[in-house]
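**Q** Would you mind keeping the following structure in view while I ask a few things?
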Amino acid sequence: MFNVIIIGGGIAGISVAARLSNHSSVLLLERESALGYHASGRSAASFIKDYGNDTTRDLNSLSFEYLHSANNGVLSNRGLMILAKKGQKNEFKSSSESLGLTEISLSEALKAVPIVNRKVVKYASYREDVYDLNTNRLIQNFDREAKRNNAVIKINSAVKKIERSKSIWRVLTDSGEYHSNILVNASGAWVDYISNLAGIEKIGFLPMRRSMARIPLPSEFDVTNWAFFSGPNEDWYAKPDAGQLIVSPAEEDLVEPHDAWAEDLTIAEGISRYQEFVTTPVKRITSNWAGLRTFAPDRSLVIGPAKCNSSFFFMAGQGGYGFQTAPAASNLLKELIMGLPHNLEKKIIKKLDPKRFN
Ligand SMILES: Cc1cc2nc3c(=O)[nH]c(=O)nc-3n(C[C@H](O)[C@H](O)[C@H](O)COP(=O)(O)OP(=O)(O)OC[C@H]3O[C@@H](n4cnc5c(N)ncnc54)[C@H](O)[C@@H]3O)c2cc1C
Numbered sequence: 024m025f026n027v028i029i030i031g032g033g034i035a036g037i038s039v040a041a042r043l044s045n046h047s048s049v050l051l052l053e054r055e056s057a058l059g060y061h062a063s064g065r066s067a068a069s070f071i072k073d074y075g076n077d078t079t080r081d082l083n084s085l086s087f088e089y090l091h092s093a094n095n096g097v098l099s100n101r102g103l104m105i106l107a108k109k110g111q112k113n114e115f116k117s118s119s120e121s122l123g124l125t126e127i128s129l130s131e132a133l134k135a136v137p138i139v140n141r142k143v144v145k146y147a148s149y150r151e152d153v154y155d156l157n158t159n160r161l162i163q164n165f166d167r168e169a170k171r172n173n174a175v176i177k178i179n180s181a182v183k184k185i186e187r188s189k190s191i192w193r194v195l196t197d198s199g200e201y202h203s204n205i206l207v208n209a210s211g212a213w214v215d216y217i218s219n220l221a222g223i224e225k226i227g228f229l230p231m232r233r234s235m236a237r238i239p240l241p242s243e244f245d246v247t248n249w250a251f252f253s254g255p256n257e258d259w260y261a262k263p264d265a266g267q268l269i270v271s272p273a274e275e276d277l278v279e280p281h282d283a284w285a286e287d288l289t290i291a292e293g294i295s296r297y298q299e300f301v302t303t304p305v306k307r308i309t310s311n312w313a314g315l316r317t318f319a320p321d322r323s324l325v326i327g328p329a330k331c332n333s334s335f336f337f338m339a340g341q342g343g344y345g346f347q348t349a350p351a352a353s354n355l356l357k358e359l360i361m362g363l364p365h366n367l368e369k370k371i372i373k374k375l376d377p378k379r380f381n
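Okay, structure coming up:
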């Protein structure tokens with residue numbers, strides 16, 4: 024018997040397991056054979072403080088110090104640049120303003136990314152304090168903390184059935200049957216499915232596919248210190264990764280929860296949008312993948328107890344921000360479950376509360 028069972032071993036579940044393990048007996052159940060197999064293994068691994076809606080930005084800001092410093096930090100400098108063509112001035116101004124970038128000259132843009140096509144690009148803006156986030160290390164840090172505090176992490180444990188009697192949750196999985204007082208739903212794209220198993224009203228989460236392709240560049244280019252760069256409409260972006268560039272079509276295609284893969288046409292269209300802005304043609308793709316960014320209907324995270332059952336908690340709707348919000352989000356859920364004083368303002372907690380949905 025555990026006090027808390029967490030379903031899902033992505034960044035949402037493992038961060039909560041670590042936080043709660045300091046206070047409570049915890050079991051985390053993950054269907055796959057490793058942590059971070061789904062969305063958490065497929066991200067762009069970035070921290071952009073002003074990305075997402077106001078509530079997300081609050082969580083980003085509150086997470087920064089932990090990401091920057093805890094366990095020697097998981098952030099490294101990258102910088103963010105937006106590029107725009109003639110005729111894109113309005114989009115350029117509004118996306119630069121919204122993400123907090125300052126206009127720069129084209130020669131400065133070429134310093135940040137030497138393949139910028141100056142025949143096409145008319146506007147550029149830049150922000151220095153945007154970071155690469157070492158997602159593997161963050162997952163490992165939380166995993167280590169959870170295990171140090173005797174949390175039990177069970178992989179290959181797909182949850183198949185959930186029952187409740189006499190205020191105890193009974194969870195049936197591939198690896199056996201487990202019991203707890205409290206259940207946390209951190210199952211990413213499968214959040215409505217797990218709620219349904221537990222007899223909790225579904226919120227209507229939206230799993231949206233986003234793809235990525237890895238492309239090599241001619242050997243004269245060393246991409247190590249290039250900025251993350253993007254068009255003004257978030258319809259493509261690119262950043263250095265392991266000596267190559269990763270380019271995303273930045274699509275949001277609504278799909279059923281599944282083990283996502285990239286569609287050739289989507290990748291080709293994204294590469295074509297990216298290619299207009301650069302001088303190096305894409306001749307080959309070395310790999311591609313996709314993951315599901317799962318949003319609540321209002322695109323804020325969902326953190327807190329279900330409306331109809333105060334022992335069933337959501338840690339869901341991480342969308343495109345699961346890593347950059349993880350420290351603050353997991354801390355809030357810990358406070359809510361353990362009845363501890365809150366670090367966050369009441370109005371933010373209310374915007375994250377599952378009870379906001381009818
Ligand atoms: C292309 C792309 C780029 C991104 N870029 C960024 C970025 O730059 N910065 C950022 O912060 N975020 C980014 N994200 C978003 C981030 O990856 C997600 O928000 C985050 O990984 C979601 O974590 P999660 O734990 O909720 O979901 P997941 O990682 O999907 O974890 C859910 C887990 O639940 C398990 N599960 C489901 N059903 C069951 C069951 N029945 N029994 C047991 N286990 C179950 C699944 O196997 C899965 O491992 C990006 C995402 C994508 C796809």
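Counting from 1 along the sequence shown, just add 23 to a position and that's the residue number in the numbering used here. We put the CB at the ideal spot given by N, CA and C, even for glycine. Fair warning: this is a prediction, and the values are worked out from it, not measured in the lab.
(1) Using alpha carbons as the reference points, say which of 380, 132, 290 lies closest to residue 238.
(2) Residue 41 to residue 127, Cα distance in whole Å?
(3) Starting from the Cα of residue 195, find the closest Cα among 342, 79, 221 and give me that residue.
(4) Any heavy atom of ligand 1 within a distance shorter than 7 Å of the CB on residue 315?
(5) Which residues bound the alpha helix (DSSP H) around residue 214?
(6) Is residue 156 a contact residue of ligand 1, with contact defined as CB to any heavy atom under 7 Å?
(7) May I ask whether a heavy atom of ligand 1 can be found less than 7 Å away from the beta carbon of residue 235?
(8) Could you say which of 279, 264, 260 lies nearest to residue 272 if we only look at CA atoms?
(9) Within 10 angstroms of the Cβ of residue 215, are there 16 or more other Cβ atoms? Answer buried if so, exposed if not.
(10) With which residues is residue 231 paired in a DSSP beta bridge?
(11) Is the closest heavy atom of ligand 1 to the C-beta of residue 66 under 7 Å?
(12) For ligand 1, I want to know if residue 53 counts as a neighbour, meaning its beta carbon is within less than 7 Å of at least one of the ligand's heavy atoms.
(13) Determine the burial state of residue 284: buried for a count of at least 16 other Cβ atoms within 10 Å of its Cβ, exposed for fewer.
(14) Determine, using beta carbons only, whether residue 37 and residue 50 come nearer to each other than 8 Å.
(15) Would you report the Cα separation of residue 120 and residue 149, rounded to the nearest angstrom?
(16) Let me make sure I understand the geometry here. Which of 39, 269, 61 has the alpha-carbon closest to that of residue 47?
(17) Can you tell me the Cα-Cα spacing of residue 231 and residue 133, whole angstroms?
(18) What span of residues does the alpha helix (DSSP H) with residue 324 cover, start to end?
**A** Let's see:
(1) Locating residue 238 in the sequence shown gives position 215, counting from the first residue. Residue 238 has its Cα closest to that of 290, out of 380, 132, 290.
(2) Residue 41 sits at position 18 when you count from the first residue of the sequence shown. Residue 127 sits at position 104 when you count from the first residue of the sequence shown. So the two alpha carbons sit approximately 42 Å from each other.
(3) Position 172 of the sequence shown, counting from 1, holds the residue named residue 195. The residue with the shortest Cα to Cα distance from residue 195 is 221.
(4) Here residue 315 refers to the residue found at position 292 when the sequence shown is read from its first residue. True, at least one ligand heavy atom lies under 7 Å from that Cβ.
(5) What you label residue 214 is simply residue 191 of the sequence shown in a count that begins at 1. That run of the alpha helix (DSSP H) goes 214-220.
(6) Translated into the one-based positions of the sequence shown, residue 156 becomes position 133. Correct: residue 156 has its Cβ closer than 7 Å to ligand 1.
(7) Reading the sequence shown from its first residue, position 212 is the one you call residue 235. Result yes, Cβ under 7 Å from ligand 1.
(8) On the sequence shown, residue 272 is found 249 positions in, with the first residue counted as 1. Ranking the options by Cα distance to residue 272, first place goes to 260.
(9) Counting from one through the sequence shown, the residue named residue 215 turns up at place 192. By the 10 Å Cβ count, residue 215 comes out buried.
(10) By one-based count along the sequence shown, residue 231 stands at place 208. Looking at the DSSP assignment, residue 231 forms a beta bridge with 277, 316.
(11) Your numbering for residue 66 matches position 43 in the sequence shown. Within the cutoff, so yes.
(12) Here residue 53 corresponds to residue number 30 of the sequence shown, with the count starting at 1. Yes, the Cβ of residue 53 comes within 7 Å of a heavy atom of ligand 1.
(13) Taking the sequence shown and counting its residues from 1, one reaches residue 284 at position 261. By the neighbour-count rule (16 or more Cβ atoms within 10 Å), residue 284 is not buried but exposed.
(14) Counted from its first residue, the sequence shown places residue 37 at position 14. Counted from its first residue, the sequence shown places residue 50 at position 27. Contact flag unset, no.
(15) On the sequence shown, residue 120 is found 97 positions in, with the first residue counted as 1. On the sequence shown, residue 149 is found 126 positions in, with the first residue counted as 1. One C-alpha to the other measures close to 11 Å.
(16) Here the question's residue 47 lines up with position 24 in the sequence shown. The residue with the shortest Cα to Cα distance from residue 47 is 39.
(17) As a first step, residue 231 is located in the sequence shown; it is residue number 208 there, counting from the start. As a first step, residue 133 is located in the sequence shown; it is residue number 110 there, counting from the start. Going from the Cα of residue 231 to the Cα of residue 133 covers about 33 Å.
(18) Residue mapping note: residue 324 aligns to position 301 of the sequence shown, counting from 1. Neither: residue 324 is in no alpha helix (DSSP H) and is coded neither H nor E.
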